[in-house]
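One line per chain: the protein sequences are A and B, in this order. Letter by letter, the first sequence follows residues 1 to 403 of full-length UniProt numbering. Letter by letter, the second sequence follows residues 1 to 403 of full-length UniProt numbering.
2 protein chains.
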Amino acid sequence: MSHQNTKNHVATQYVTFGNPPDELTLESGESFGPVTLAYETYGTLNPDKSNAILVLHAFTGDAHAAGYHEGDTKPGWWDDMIGPGKAFDTDAYFVICSNVLGGCKGSTGPSSINPNTGAPYGLDFPLITIGDMVACQKRLIEYLGITQLLSVAGGSMGGMQVLAWLTMYPEFLRSAIPIATTMKHSPQQIAFNEVGRQAIMSDPHWNSGKYYDGPLPARGLSVARMIGHITYMSDVSMEEKFGRQKKTEVQPFKFTPDFEVEGYLNYRGDNFVKRFDANSYLYISKAMDNFDATRGQTLNKAFERARNVQVLIMAFKSDWLYPAYQSQEIVKACKLCGIETTYCEIHSTYGHDAFLLEVEEETHLISHFLKKVVHAKEGIRKEAYAIRPSGNRRSYFSRLFSA
Amino acid sequence: MSHQNTKNHVATQYVTFGNPPDELTLESGESFGPVTLAYETYGTLNPDKSNAILVLHAFTGDAHAAGYHEGDTKPGWWDDMIGPGKAFDTDAYFVICSNVLGGCKGSTGPSSINPNTGAPYGLDFPLITIGDMVACQKRLIEYLGITQLLSVAGGSMGGMQVLAWLTMYPEFLRSAIPIATTMKHSPQQIAFNEVGRQAIMSDPHWNSGKYYDGPLPARGLSVARMIGHITYMSDVSMEEKFGRQKKTEVQPFKFTPDFEVEGYLNYRGDNFVKRFDANSYLYISKAMDNFDATRGQTLNKAFERARNVQVLIMAFKSDWLYPAYQSQEIVKACKLCGIETTYCEIHSTYGHDAFLLEVEEETHLISHFLKKVVHAKEGIRKEAYAIRPSGNRRSYFSRLFSA
Numbered sequence: 001m002s003h004q005n006t007k008n009h010v011a012t013q014y015v016t017f018g019n020p021p022d023e024l025t026l027e028s029g030e031s032f033g034p035v036t037l038a039y040e041t042y043g044t045l046n047p048d049k050s051n052a053i054l055v056l057h058a059f060t061g062d063a064h065a066a067g068y069h070e071g072d073t074k075p076g077w078w079d080d081m082i083g084p085g086k087a088f089d090t091d092a093y094f095v096i097c098s099n100v101l102g103g104c105k106g107s108t109g110p111s112s113i114n115p116n117t118g119a120p121y122g123l124d125f126p127l128i129t130i131g132d133m134v135a136c137q138k139r140l141i142e143y144l145g146i147t148q149l150l151s152v153a154g155g156s157m158g159g160m161q162v163l164a165w166l167t168m169y170p171e172f173l174r175s176a177i178p179i180a181t182t183m184k185h186s187p188q189q190i191a192f193n194e195v196g197r198q199a200i201m202s203d204p205h206w207n208s209g210k211y212y213d214g215p216l217p218a219r220g221l222s223v224a225r226m227i228g229h230i231t232y233m234s235d236v237s238m239e240e241k242f243g244r245q246k247k248t249e250v251q252p253f254k255f256t257p258d259f260e261v262e263g264y265l266n267y268r269g270d271n272f273v274k275r276f277d278a279n280s281y282l283y284i285s286k287a288m289d290n291f292d293a294t295r296g297q298t299l300n301k302a303f304e305r306a307r308n309v310q311v312l313i314m315a316f317k318s319d320w321l322y323p324a325y326q327s328q329e330i331v332k333a334c335k336l337c338g339i340e341t342t343y344c345e346i347h348s349t350y351g352h353d354a355f356l357l358e359v360e361e362e363t364h365l366i367s368h369f370l371k372k373v374v375h376a377k378e379g380i381r382k383e384a385y386a387i388r389p390s391g392n393r394r395s396y397f398s399r400l401f402s403a
Numbered sequence: 001m002s003h004q005n006t007k008n009h010v011a012t013q014y015v016t017f018g019n020p021p022d023e024l025t026l027e028s029g030e031s032f033g034p035v036t037l038a039y040e041t042y043g044t045l046n047p048d049k050s051n052a053i054l055v056l057h058a059f060t061g062d063a064h065a066a067g068y069h070e071g072d073t074k075p076g077w078w079d080d081m082i083g084p085g086k087a088f089d090t091d092a093y094f095v096i097c098s099n100v101l102g103g104c105k106g107s108t109g110p111s112s113i114n115p116n117t118g119a120p121y122g123l124d125f126p127l128i129t130i131g132d133m134v135a136c137q138k139r140l141i142e143y144l145g146i147t148q149l150l151s152v153a154g155g156s157m158g159g160m161q162v163l164a165w166l167t168m169y170p171e172f173l174r175s176a177i178p179i180a181t182t183m184k185h186s187p188q189q190i191a192f193n194e195v196g197r198q199a200i201m202s203d204p205h206w207n208s209g210k211y212y213d214g215p216l217p218a219r220g221l222s223v224a225r226m227i228g229h230i231t232y233m234s235d236v237s238m239e240e241k242f243g244r245q246k247k248t249e250v251q252p253f254k255f256t257p258d259f260e261v262e263g264y265l266n267y268r269g270d271n272f273v274k275r276f277d278a279n280s281y282l283y284i285s286k287a288m289d290n291f292d293a294t295r296g297q298t299l300n301k302a303f304e305r306a307r308n309v310q311v312l313i314m315a316f317k318s319d320w321l322y323p324a325y326q327s328q329e330i331v332k333a334c335k336l337c338g339i340e341t342t343y344c345e346i347h348s349t350y351g352h353d354a355f356l357l358e359v360e361e362e363t364h365l366i367s368h369f370l371k372k373v374v375h376a377k378e379g380i381r382k383e384a385y386a387i388r389p390s391g392n393r394r395s396y397f398s399r400l401f402s403a
């Protein structure tokens with residue numbers, strides 16, 4: 001998919017709900033409100049409101065999934081996948097993306113002002129869950145007047161939200177696309193998150209979450225991000241990208257990063273601090289660790305209410321953070337519940353980042369899948385879809401199998 | 001191997017060399033001295049001094065490889081492998097282990113007193129290499145009156161030292177046993193080390209390495225160790241050990257570790273701080289990252305002077321920090337140089353820690369290998385060795401192959 005020459009300007013919108021006394025009841029039982037969600041939409045909602053797709057972002061993502069904000073030079077985080085003629089084809093579909101509850105990019109989170117105190121919540125923000133994020137998204141969907149989504153799709157933590165939609169609101173869904181995700185975090189995944197949290201909380205500037213009017217816990221957050229970055233790549237992709245290349249600059253100090261890979265990680269870590277809130281990092285990572293799509297049920301009960309939803313599951317071979325066996329577990333749970341399920345394990349060297357980078361294969365798989373979902377609804381059975389002129393069509397068919 | 005009932009008390013010894021004006025010349029070109037090495041020995045050196053084996057420790061290890069120090073309840077780090085009847089059989093061999101240059105367990109390192117200032121070196125300690133560590137070990141061996149080692153053996157960073165011995169002093173060796181190691185760190189390995197270094201240097205108590213008369217950079221060092229621990233285990237071994245088990249204690253605070261795996265990592269991180277110096281962590285991890293056994297040569301030149309050394313290389317299937325392909329690279333380099341090489345890839349779920357835990361298979365492989373080395377020297381060709389009554393002998397033979 002090539003970028004468009006004409007920039008498609010988009011703007012973030014906001015909706016607020018749960019004003020007292022109509023607060024949300026969180027999964028913890030706590031009442032909380034009001035909640036503002038930042039969201040963006042791309043494409044046009046059709047008259048019968050049947051073409052809406054909710055796209056769900058990963059850990060540190062935001063509502064800005066596609067297009068350009070006024071003045072920006074970089075598009076949204078999944079712009080390769082959302083737009084006219086792309087996987088989520090905005091000529092056909094109405095795509096919605098919102099920043100999660102607990103985030104720091106326009107939705108209510110620990111850095112938001114607590115209306116009761118006039119100061120940022122900090123650690124007074126309640127512990128939230130993936131289910132709470134999804135409950136807020138459902139409010140947004142209802143606010144937009146949509147009673148059923150054509151699909152929900154997302155990778156990594158976005159995929160966890162897809163699974164939460166499947167268990168909580170299956171009647172709202174015609175299809176679901178969880179990508180590079182898991183029913184629940186393994187101890188290794190929890191461990192990586194915990195080290196990130198400890199790095200943040202070890203920074204004296206973190207100050208028990210009260211840093212909003214002082215220096216930020218920048219070093220701690222940067223270290224947390226560096227750890228994350230290593231887990232998002234693969235051994236092979238790091239080798240291809242950096243090798244053992246050294247930076248050419250003179251070493252001003254014994255432990256200045258001298259390998260390219262060190263410089264890259266430090267640079268990415270430092271940049272991250274400018275765009276992400278350390279307390280959001282704590283709350284959201286904890287929500288991921290606590291997530292369990294089975295909700296204590298056996299696998300064959302987990303998705304039993306989602307029998308009429310069609311599911312497309314994708315995993316990537318070199319993803320060692322969310323290994324394919326975790327996606328296969330989702331396939332198993334779906335199959336045990338009688339759900340029409342397609343599973344694709346895509347060859348990639350990009351590691352977990354593949355869900356953002358393997359655009360061509362994802363585009364083929366998702367666009368065909370969505371057309372099938374649309375046609376199933378319409379009762380239309382066409383033998384063939386229009387064939388697009390470009391793209392290597394063989395590579396992915398040979399790897400695609402229906403589990 | 002069962003532990004002995006009678007504790008075998010050992011004591012750490014010390015040797016100092018490189019007093020001015022006879023300083024060591026480091027690989028960087030810098031002169032440095034004096035250097036003290038802490039070392040221990042087990043077993044008895046035979047009259048012709050032909051039964052000495054040098055065991056080399058990993059990153060945060062020390063000279064105390066086996067037996068008990070007076071009053072200790074836990075033995076040395078490789079006690080399962082060193083002792084009467086064990087892999088490194090102290091009834092037959094004289095085993096030496098020394099703490100590396102740059103360490104903090106008795107050998108000269110950044111926490112040692114700089115005789116020129118009367119204060120700890122801190123960052124005035126010179127950058128050292130794996131080769132510098134090995135050059136010091138050679139001084140120790142000479143001091144002990146040994147002109148040839150029956151073997152050098154070690155896992156992880158200990159394996160790097162084995163490879164440095166092979167390139168620097170092959171004429172001193174009859175055999176070598178590099179375990180779970182690499183010719184050089186991949187960018188992923190460098191990246192994990194770099195995040196650990198950044199965690200330490202981000203701790204304000206680190207204070208540019210000048211913390212010896214104040215509070216230690218304990219939080220930073222603990223985070224570094226936590227990262228390390230994750231990489232030493234495997235996804236499977238963490239699953240087996242922790243699952244998603246929660247600790248039962250009441251949660252005093254939102255982000256208190258509540259999963260078992262979090263508690264374990266925090267505990268191990270905090271304990272590590274009591275026994276390891278943060279500056280040593282920086283210097284030694286940097287030495288590992290900078291190590292390149294080829295020294296810029298092609299693979300078929302790397303070990304060309306080691307043609308008469310017999311080599312046993314071991315890797316572990318679930319070790320993702322030092323993956324088996326890195327050991328296979330060593331095999332290839334050895335074979336290209338005409339070295340008699342045996343390669344064993346051991347099935348284990350323990351990850352990188354396997355080199356400390358897969359005692360039974362390592363014992364069989366190493367004890368047979370060492371006997372073969374002894375017999376080759378003696379010119380004795382026996383058809384069979386005495387068969388030990390215990391142990392599953394099939395499992396490892398079926399997995400052993402000579403590459």
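Note that the Cβ used here is the ideal one computed from N, Cα and C, for glycine as well.
Own chain residues within Cβ distance below 8 Å of residue i, not counting five before or after
{"i": "G220 (chain B)", "result": "A199, I200, M201, S202, D203, H205, W206, A278"}
{"i": "C337 (chain B)", "result": "N300, K301, A302, F303, E304, A306, R307"}
{"i": "H69 (chain A)", "result": "H9, V10, A11, T12"}
{"i": "M233 (chain B)", "result": "K241, Y350, G351, H352, D353"}
{"i": "L265 (chain A)", "result": "M226, H229, I230, P257"}
{"i": "T36 (chain A)", "result": "Y14, V15, T16, G106, S107, T108, S112"}
{"i": "F59 (chain B)", "result": "S156, M157, G228, I284, S285, M288"}
Per-residue burial, residue i [other beta carbons within 10 Å of its own, 16 or more giving buried]
{"i": "I141 (chain B)", "result": "buried"}
{"i": "K382 (chain B)", "result": "Below a pLDDT of 50, predicted positions are generally treated as unreliable, and K382 (chain B), at 40, falls in that range; no measurement from the model is reported."}
{"i": "K86 (chain A)", "result": "buried"}
{"i": "A164 (chain A)", "result": "buried"}
{"i": "A11 (chain B)", "result": "exposed"}
{"i": "R225 (chain B)", "result": "buried"}
{"i": "D48 (chain A)", "result": "exposed"}
{"i": "P21 (chain B)", "result": "exposed"}
{"i": "I380 (chain B)", "result": "Residue placement at I380 (chain B) is flagged as unreliable, the pLDDT there being 43, under the threshold of 50; a coordinate-derived value is accordingly withheld."}
{"i": "P120 (chain A)", "result": "buried"}
Within chain A, partners of residue i - CB distance below 8 Å
{"i": "D203 (chain B)", "result": "S202"}
Cutoff 7 Å; reference residue i; Cβ partners in own chain excluding five residues on either side
{"i": "C104 (chain A)", "result": "S111, F276, D277, S280"}
{"i": "L26 (chain A)", "result": "F32, P126, I128, D132"}
Bridge partners - residue i, DSSP secondary structure assignment
{"i": "L370 (chain B)", "result": "Note: L370 (chain B) sits in no beta bridge, so no partner."}
{"i": "K274 (chain B)", "result": "In DSSP, K274 (chain B) forms no bridge with anything."}
{"i": "residue 429 (chain A)", "result": "Nothing can be reported for residue 429 (chain A), as the shown portion of chain A is limited to 1 through 403."}
{"i": "K246 (chain B)", "result": "B:F259"}
{"i": "H64 (chain B)", "result": "Per DSSP, none; premise fails for H64 (chain B)."}
{"i": "D89 (chain A)", "result": "A:G83"}
Alpha helix (DSSP H) segment containing residue i, residue limits
{"i": "V331 (chain A)", "result": "324–336"}
{"i": "G158 (chain A)", "result": "157–168"}
{"i": "V309 (chain A)", "result": "Unbroken run through V309 (chain A): none, as it is neither H nor E."}
Range of the contiguous beta strand (DSSP E) that encloses residue i
{"i": "P178 (chain A)", "result": "175–179"}
{"i": "K53 (chain A)", "result": "Reading the sequence as shown, one finds Ile at residue 53 (chain A) and not Lys. Its beta strand (DSSP E) spans residues 52–56."}
{"i": "S107 (chain A)", "result": "Element bounds for S107 (chain A): n/a, residue is neither H nor E."}
{"i": "Y14 (chain B)", "result": "13–17"}
Interface residues of chain B facing residue i [CB-CB closer than 8 Å]
{"i": "F259 (chain A)", "result": "P187, I190, E194, D289"}
{"i": "V223 (chain A)", "result": "V195, Q198, A199, S202, V223"}
{"i": "N266 (chain A)", "result": "E194, Q198"}
{"i": "L127 (chain A)", "result": "K254"}
Spatial neighbours of residue i in its chain, beta-carbon cut-off 6 Å, leaving aside the 5 residues before and after
{"i": "D91 (chain A)", "result": "P84"}
{"i": "L365 (chain B)", "result": "C344"}
Chain B residues whose Cβ lies nearer than 9 Å to that of residue i
{"i": "G359 (chain A)", "result": "According to the sequence displayed, residue 359 (chain A) carries Val and not Gly. By Cβ distance, chain B contributes nothing, its closest Cβ being about 24 Å from V359 (chain A), past 9 Å."}
Interface residues of chain A facing residue i [CB-CB closer than 7 Å]
{"i": "L123 (chain B)", "result": "K254"}
Neighbouring residues, chain B, relative to residue i (Cβ below 7 Å)
{"i": "F242 (chain A)", "result": "P187"}
{"i": "L282 (chain A)", "result": "F255"}
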